[in-house]
Amino acid sequence: MQTNEKKKVLSCIQPSGMLTLGNYLGALINWKNMQNEFDCTYAVADLHAITVRQEPAKLRQQIYSTCALLLALGIDPANNTLFVQSHVAAHSQLAWLLSCYTQFGELSRMTQFKEKSLKHADNINAGLFSYPVLMAADILLYQPDLVPVGADQKQHLEIARDIAVRFNGIYGNVFTVPEPYIAKTGARVMSLQDPSKKMSKSDENINSWVAMLDSKDDIIRKFKRAVTDSEAKVCIGENKLGINNLIGIYSAITGKSAQDITNEFEGKGYGDFKITVGEAVAEELRPIQEKYNTFIADKKQLEDIYKEGAVKAEYTARRTLSKVMKKVGFVL
Ligand code: TYM
942 MQTNEKKKVL
952 SCIQPSGMLT
962 LGNYLGALIN
972 WKNMQNEFDC
982 TYAVADLHAI
992 TVRQEPAKLR
1002 QQIYSTCALL
1012 LALGIDPANN
1022 TLFVQSHVAA
1032 HSQLAWLLSC
1042 YTQFGELSRM
1052 TQFKEKSLKH
1062 ADNINAGLFS
1072 YPVLMAADIL
1082 LYQPDLVPVG
1092 ADQKQHLEIA
1102 RDIAVRFNGI
1112 YGNVFTVPEP
1122 YIAKTGARVM
1132 SLQDPSKKMS
1142 KSDENINSWV
1152 AMLDSKDDII
1162 RKFKRAVTDS
1172 EAKVCIGENK
1182 LGINNLIGIY
1192 SAITGKSAQD
1202 ITNEFEGKGY
1212 GDFKITVGEA
1222 VAEELRPIQE
1232 KYNTFIADKK
1242 QLEDIYKEGA
1252 VKAEYTARRT
1262 LSKVMKKVGF
1272 VL
């Protein structure tokens, strides 16, 4: 039977610091592009953010700021659902249930857990370890078909799928098993200072990442300083991680292929290329930054939007949670 129902999309972003060009090209640009074709649910994942220590006042500000940026980007809360994760209790509740269907060994293999436990050796808390289960709950509550993420989240998506398949195997068809949606360009934006590492807002070297709210001058300065090789030819190459990254960024923004980009910069040095990429990034972010200033200035409007979003999210999340509770054998 054919139905006209739109397919469902779910994704979340942590409000832990300034959002970066990596977040934008790896995920947010797709969030925006998918919202007309799909029924989209997007959340600010504040529960995930406290797996590393946060300053309360700063965290609060970052949650507002993330909501404002999503709206500035063009996410339309009237036709989609935009909310703050902790406002829908079902996320924490389903996470507990699913943790009883997730193996210690599976969680121990997560690359992000290994990396973060090295980085925060003084605070390897249980939340950091069970983080992927909460992420599985975020996803499975909304029965999405697609989950748009950057390549770094692929492993977490796989474990969410494994948990869903396992649960369905025991209790029948409870969860939709979602597919990752990872775009061809921009899925892995690398650090401008060490292009073997992903661009991350938690990197202490601020020249390694571009914030979505950086000024044009800062953006161009960071691109000018980007680490490259000594070959001075703008083309994809095995030992050209820095240039490969800049080509990837320029390609994701302009839609030009790597070959077009090589042709465009034939006979020109890296200096010209870096400035062109910096300018393209600044130009891409400029309208978002302008709108951001309007949204962040009106906290009341932001609160109205995310509260209304939580009511919509709660409705769907509760339905799935009740279904799971019944299947497991709890009384309602
Ligand atoms: P987070 O908050 O670290 O990042 C949000 C999104 O941005 C993508 N991303 C990148 N993409 C390309 N290059 C980069 N350098 C880069 N850095 C970040 C991430 O892949 C992500 O899509 N655990 C998630 C948040 C989360 C979630 C979920 C995502 C919580 N629950 C449910 C999807 C579904 C995270 O920490 O993303």
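Throughout the sequence shown, residue numbering follows the working numbering, covering 942 to 1273 in sequence. Built from N, CA and C at the ideal position, the CB exists for glycine as well. Note that the coordinates shown come from a computational prediction; the quantities given were computed from them, not determined experimentally.
Which residue or residues does DSSP assign as beta-bridge partners of residue i?
i	result
glutamate 1120	Leu1087
aspartate 980	Lys949
valine 891	Here the chain covers residues 942 to 1273 and nothing more, so residue 891 does not appear.
leucine 1139	Note on residue identity: the sequence assigns lysine, not leucine, to residue 1139. Paired residue(s): Met1131.
valine 985	Ile954 and Val1025
threonine 932	This structure cannot speak to residue 932, because the chain is shown only from 942 to 1273.
Once DSSP output is grouped into helix, strand and coil, what is the label at residue i?
i	result
leucine 1262	helix
methionine 1131	strand
isoleucine 1216	helix
valine 1269	helix
isoleucine 954	strand
threonine 1203	helix
threonine 961	strand
glycine 1189	helix
aspartate 1103	helix
threonine 992	coil
lysine 1241	helix
valine 1115	coil
isoleucine 1016	coil
asparagine 1146	coil
lysine 1197	coil
From residue i to residue j, what distance separates their C-alpha atoms?
i	j	result
threonine 1117	asparagine 1234	38 Å
glycine 1208	isoleucine 1202	12 Å
lysine 999	arginine 1166	29 Å
aspartate 1301	histidine 1032	For residue 1301 there is no data in the structure shown, the boundaries of the chain being 942 and 1273.
glutamine 955	tyrosine 1112	32 Å
phenylalanine 1271	leucine 1038	11 Å
alanine 1251	arginine 1227	30 Å
leucine 1012	leucine 1154	14 Å
glutamine 1034	alanine 1258	10 Å
request  = Could you tell me which uninterrupted alpha helix (DSSP H) segments, each at least 4 residues in length, are contained entirely in the segment 1018 to 1089, listed from first to last along the chain?
outcome  = 1031 to 1040, 1045 to 1049, 1052 to 1060 and 1067 to 1081
ask   = What are the uninterrupted segments assigned as alpha helix (DSSP H) that are 4 or more residues long and contained completely in the segment 1149 to 1186, given in chain order?
value = 1157 to 1165
task = Answer yes if the segment 959 to 966 comes into contact with the segment 991 to 1001, meaning at least three C-beta pairs across the two stretches below 8 Å, and no otherwise.
result = no
request  = Pair every Cβ in the segment 1049 to 1060 with every Cβ in the segment 1069 to 1079, then say whether three or more of these pairs are closer than 8 Å.
outcome  = Between the segment 1049 to 1060 and the segment 1069 to 1079 there are three or more inter-stretch CB-CB distances shorter than 8 Å, so the stretches are counted as touching.
ask   = Can we say the segment 1180 to 1194 touches the segment 1119 to 1137, given the rule of at least three CB pairs closer than 8 Å?
value = A contact exists between the segment 1180 to 1194 and the segment 1119 to 1137.
query = Is the segment 1210 to 1228 touching the segment 1164 to 1183 in the sense that three or more CB pairs, one from each, lie closer than 8 Å?
reply = yes
ask   = Pairing CB atoms from the segment 1055 to 1065 with CB atoms from the segment 1093 to 1107, are three or more of them under 8 Å?
value = no
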